[in-house]
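Everything on this sheet refers to the single structure shown next.
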Amino acid sequence: VQLQASGGGLVQAGGSLKLSCAFSGRTFGTYAMSWFRQAPGKERELVATVATDGTTNYPESVAGRFTISRDNDKNTVYLQMNSLKPEDTANYYCTAGIKPGRSDYWGRGTQVTVSS
37 VQLQASGGGL VQAGGSLKLS CAFSGRTFGT YAMSWFRQAP GKERELVATV ATDGTTNYPE
97 SVAGRFTISR DNDKNTVYLQ MNSLKPEDTA NYYCTAGIKP GRSDYWGRGT QVTVSS
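Sequential numbering from 37 applies to the sequence shown in my numbering.
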């Protein structure tokens with residue numbers, strides 16, 4: 037499995053970004069997909085998960101602001117991020133797991149920087 041994340045960048049607080057992650061190498065629809073983030077000096081944090089049936093989960097830190105979605109025809113998972121805060125600044129990674137809660141494959145991250 038190969039995962040290629042894109043869409044990161046610099047945005048002002050209150051703004052929006054949409055990340056994409058292109059999946060290849062296996063059957064996309066059979067994998068649960070997740071987004072993680074990690075800021076310098078901080079632990080890695082799960083920010084969103086979408087199961088094969090479309091069920092989504094978010095931690096409180098991003099619930100109501102972030103939306104994960106998947107397009108099984110395009111083999112792509114998205115992360116729409118709204119109302120961004122400086123504390124959302126991090127490197128964002130997408131992952132694929134053969135079961136919910138697992139991340140068996142990791143892509144390279146895409147940097148998101150939110151200025152105050």
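We put the CB at the ideal spot given by N, CA and C, even for glycine.
Just so you know, these numbers come straight off a predicted model, no measurement behind them.
For the stretch 83-92 against the stretch 51-70, do three or more pairs of beta-carbon atoms, one drawn from each stretch, fall closer than 8 angstroms, so that the two count as touching? These segments touch.
Using the three-state DSSP reduction, which class does T91 fall into: helix, strand or coil? Judged by DSSP in its simplified three-state form, T91 adopts coil rather than helix or strand.
Would a C-beta distance cut-off of 8 angstroms place L21 and L39 closer than the cut-off? Outside the shown range of the chain, which is 37 to 152, sits residue 21, and nothing can be said about it.
How is E79 classed by DSSP in three states: helix, strand or coil? Judged by DSSP in its simplified three-state form, E79 adopts coil rather than helix or strand.
How many angstroms separate the CA atom of Y94 from the CA atom of Y128? Taking the straight line joining both Cα atoms gives about 15 angstroms.
Since V113 is in the beta strand (DSSP E), which residue starts that stretch and which ends it? Taken as a continuous stretch (DSSP letters only), the beta strand (DSSP E) holding V113 covers T112 to M117.
For D107: DSSP bridge partner residues: Under DSSP, the beta-bridge partners assigned to D107 are T112.
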